[in-house]
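If you read the protein sequences in the order shown, they are chains A and B. Just add 1140 to wherever you are in the first sequence, counting from 1, and you've got our numbering. Just add 1122 to wherever you are in the second sequence, counting from 1, and you've got our numbering. Built from N, CA and C at the ideal position, the CB exists for glycine as well. These numbers come from a predicted model, not from an experiment. For reference, the structure discussed in these notes is given below.
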Amino acid sequence: MTFVTSPPSLDTDSRQPEVRLARLLDPGSLRHLHQPDASGVQAVRGTIDGAPVLAYCTDANSMAGAMGDHGCRHIVETIDTAVRDGSPVIGLWHSGGARLAEGVTALHGVGQVFAAMIRASGRVPQLSAVLGPAAGGAAYGPALTDIVIMGPDGRLFVTGPDVVRSVTGEHIDMAGLGGGDAHGTKSGVVHVVADSEQDVYARTRRITGLLAAPGVVRPLGPDVDDLRALLPERPQRAYDIKPVIRGILDPAPRFEELQARWAPNIVVGLGRLAGRGVGVIANNPLRKGGCLDSLSAEKASRFVRMCDCHGVPMVVLVDVPGYLPGVDQEWNGVVRRGAKLLHAFAEAVVPRVTVLLRKSYGGAYLAMNSRALGATAVYAWPEAEVAVMGARAAVGILHRKRLAAVAEDHRPELETRLVAEHERVAGGVASAVSLGVVDAIIDPRDTRKVLAAALAAAPEARGDHGNIPL
Amino acid sequence: MSEDIRAEIVAQVREVVARLGQLLAEGDPVVILESMKMEIPVLAEGGGTLTSIAVRAGDVVKEGDLIATVE
């Protein structure tokens, strides 16, 4: 059931749900799912780039957006309708949490919102735009959805600055505790930090389009860009992976990076390749040398599972020197969190294609969608290396005694000879091809074409699981 | 406003490439670290004048250690 209403006039309060929802949706597409009431929530239907979506918004002007039983029931109905329709559902959040005056009734309502989100998880894309403070229950709502986009006035926290101060003695304001900087760089809770409320709507629309309108792979001609030229000459030199990602993806719509400033040694995001919506997972050598560590493994794991449950094929770009060693890493659970990435990739049924750009060593090689984990295809650029570790490091271990036995001035010469021998026997991408762990060595200029063909050839599939916030 | 540039990985300082007082643009390299057998440039996040350099070539830095300040 929908109700047609007149569009809000321009001089209305910009915090009104009506106004916020109208800015999110295609002009003129907004239809109410219920008559406006005192529940503090408005739920609507509408379209984004013509595709149907459901949306709800908490009313910042009604008890600071606090959620009561009635408002929570609107949200639950909206999410359940989205699942029935197979449409994405978007929440606009500006809410102090459960309505205190309603007591446990409100708390129970908020819990039912959580349950509805979890029922819908992995079945339809769920996005949350945080436009103002979203505290307590209103913080966990967004956190249960696939993507959280935060505006400049958005704040997320379980308990606000006053409670923090009285309990722990720490002095901090709302922005410092739960603003875009905190969640964009420290906690990883927010996927996209937007520049303005208008930017929130633009980014939410683009990401919804990438998740909800998959598109089909169009044939591509030969590429003109030499992507290899984006890598430094010397193999030990770090570089930024993002121009390589942009070179591989279609120029429009632009690559939407998620959690860009948190665990930046791995890059994840959504874009299109030959017209097909894809998820990209790529090591970034510029940050921490591109190594995998506990946070980057966890970040990638959740993204891989999100792509899988929404049927988004994956492109995996590998240039990884290994897992980061260290006491901190071990004690932070690099084993537990790294295991999530192995599990996420091996479980994924969507087409997932790997390109080895340069280094690919050890456990990190396996974790980055290797053949052993069931990659749809694995390609390598000509200078790529696949090995347990770099040849020089391997020789240092395997031939430690022999190297120690020769005079110091003869050591470099012996080492060079042993490295060449080791590369011939154990490493090199050619031996990876003969083993079958790499399908083919490709010209970097053909990367787009080869990836598009591999994605087009693989049957469409979709993982049957939710998207637990790992 | 000043911006502290900090190490994000345990590393040895291979080279200090920026000079004290130099005007840096966003993305300009300040030092080059060596870790994971790789040379990793540390870049200025915002632009400004390099007002202090806390490390010398050969120093070992831990994650979170101050490398330089840009104002």
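How would you label residue 1277 of chain A, buried or exposed, when you count the other beta carbons within 10 angstroms and need 16 or more for buried? buried
State the Cα-Cα distance for the pair residue 1348 of chain A and residue 1229 of chain A, rounded to the nearest angstrom. 9 Å
Find out if the Cβ-Cβ distance for the pair residue 1404 of chain A, residue 1427 of chain A is shorter than 8 Å. yes
Can you tell me whether residue 1241 of chain A is buried or exposed? The criterion is at least 16 other CB atoms within 10 Å of its CB, across all chains shown. exposed
In terms of DSSP beta bridges, what is residue 1297 of chain A paired with? A:1275
How big is the Cα-Cα spacing for residue 1343 of chain A and residue 1484 of chain A? 26 Å
Tell me which residue opens and which closes the beta strand (DSSP E) that residue 1422 of chain A is part of. 1416-1423
Does the distance from the CB of residue 1197 of chain A to the CB of residue 1167 of chain A come in under 8 Å? no
For residue 1474 of chain A and residue 1274 of chain A, the rounded distance between their alpha carbons: 31 Å
If the criterion is Cβ atoms closer than 8 Å, does the pair residue 1272 of chain A and residue 1334 of chain A meet it? no
Cut-off 7 Å between Cβ atoms - residues of its own chain near residue 1184 of chain A, not counting five sequence neighbours on either side: 1161, 1170, 1171, 1172, 1173, 1195
Nearest-angstrom Cα distance between residue 1302 of chain A and residue 1296 of chain A? 14 Å
Distance check for residue 1174 of chain B and residue 1390 of chain A, CA to CA, integer angstroms please. 42 Å
Could you check whether the Cβ of residue 1123 of chain B sits closer than 8 Å to any Cβ belonging to chain A? no
Can you confirm whether residue 1377 of chain A, when its beta carbon is compared against all beta carbons of chain B, has any partner nearer than 8 Å? yes
Determine, for residue 1151 of chain B, whether the minimum Cβ-Cβ distance to residues of chain A falls below 8 Å. no
Of all the options A:1285, A:1431, A:1293, which has the alpha carbon lying nearest to the alpha carbon of residue 1503 of chain A? A:1431
Could you tell me if residue 1192 of chain B is buried or exposed, where buried requires 16 or more neighbouring beta carbons within 10 angstroms of its beta carbon? buried
With 8 Å set as the bound, which would you pick, yes or no: does the beta-carbon of residue 1382 of chain A sit closer than that to a beta-carbon of chain B? no
Quick check on residue 1431 of chain A: does DSSP put it in helix, strand or coil? coil
Using 8 Å as the limit for Cβ to Cβ distance, is residue 1324 of chain A near chain B? no
So what does residue 1185 of chain A bridge to, in DSSP terms? A:1171, A:1194
Hey, could you find the ends of the alpha helix (DSSP H) residue 1258 of chain A is sitting in? 1244-1260
Starting from the beta carbon of residue 1552 of chain A, find every residue of chain B whose beta carbon is closer than 7 Å, and list them in chain order. Per Cβ cutoff of 7 Å: no residues; residue 1552 of chain A is ~17 Å from chain B at best.
So, helix, strand or coil for residue 1459 of chain A, using DSSP? strand
Please report whether the beta-carbon of residue 1162 of chain B lies at a distance below 8 Å from any beta-carbon of chain A. yes
Does residue 1170 of chain B get closer than 8 Å to chain A when you measure Cβ to Cβ? no
What's the gap between the Cα of residue 1382 of chain A and the Cα of residue 1237 of chain A? 38 Å
Strictly below 8 Å CB to CB, what residues from chain B border residue 1425 of chain A? 1160, 1162
Taking 8 Å as the CB-CB cut-off, is residue 1428 of chain A touching chain B? yes
Is the stretch 1255-1264 of chain A close to the stretch 1213-1232 of chain A, with three or more CB pairs under 8 Å? yes
To the nearest angstrom, how far is the alpha carbon of residue 1221 of chain A from that of residue 1450 of chain A? 18 Å
Could you say if the stretch 1492-1511 of chain A and the stretch 1519-1532 of chain A meet the contact criterion of at least three C-beta pairs nearer than 8 Å? yes
In the DSSP output, which residue or residues are listed as bridge partners for residue 1231 of chain A? A:1196, A:1268
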